[in-house]
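Position one of the sequence shown corresponds to residue 770 (the working numbering), numbered consecutively onward.
The structure appears right after this line, and notes come after that.
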Amino acid sequence: MSGDHNMYQKGMRNPKAQHVDFGFLKGIISSNPNFMPSNIDMVLERQGNFLFGEWKREGEEMSYGQKKLLKELACQHRVILVTGYVDDLPHIELIQQVLPYSGNLKVVGKSVADLIKYIRDWYKDIEEDND
């Protein structure tokens, strides 16, 4: 893609960063012992508009709570579920938009190029809406 400067540079990548284990919070609510925090892998913001992205490797399950979180976020913001990973280079198998209210998934891409286009289109839509 023309105009891209070192497309796969390491951005905020920290090789020493570790996954946050919230296991120490399990059981803090005695009436709901499985009540636990959730996290989101990707957040982009432009002029008060948010694009949330959750990344899962193929076959990786998503908890009920995380599904509910993404469905609720989709009622106010754009939310995508990316099947893939970024270890050294990005690898994407599937990109799905979480639809508001139903939480159903709509396929919107299947590659890194599709994700880049999706983000650029989202950004462009916001810019056009605020002109």
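For glycine and all other residues, C-beta sits at the position ideal for the given N, C-alpha and C.
Quick caveat, the model's predicted, so the values are computed rather than measured.
Beta carbon of residue i nearer than 8 Å to that of residue j
| i | j | result |
| --- | --- | --- |
| Ala843 | Pro869 | yes |
| Leu884 | Ile864 | yes |
Separation of residue j from residue i, as counted between CA atoms
| i | j | result |
| --- | --- | --- |
| Met811 | Ile888 | 12 Å |
| Tyr892 | Asn873 | 23 Å |
| Gln816 | His846 | 12 Å |
| Phe791 | Asp900 | 43 Å |
| Ser799 | Asp894 | 46 Å |
| Leu820 | Phe793 | 30 Å |
| Leu813 | Trp824 | 14 Å |
| Pro806 | Val867 | 20 Å |
| Lys836 | Lys886 | 25 Å |
| Ser871 | Glu841 | 9 Å |
Anticipated Cβ contact below 8 Å, residue i with residue j, distance rounded
| i | j | result |
| --- | --- | --- |
| Val851 | Gly822 | 6 Å |
| Val789 | Asn808 | 7 Å |
| Ile861 | Ser832 | The Cβ separation is near 22 Å, so there is no contact. |
Where residue i falls, given that 16 or more other Cβ within 10 Å makes a residue buried
| i | result |
| --- | --- |
| Asp848 | Note that residue 848 is Val in the sequence shown, not Asp. It is buried - the Cβ of Val848 has at least 16 other Cβ atoms within 10 Å. |
| Val876 | exposed |
Min CB distance residue i to chain B below 8 Å
| i | result |
| --- | --- |
| Asp856 | Given the protein chain composition of this structure (a single chain), no chain B is represented. |
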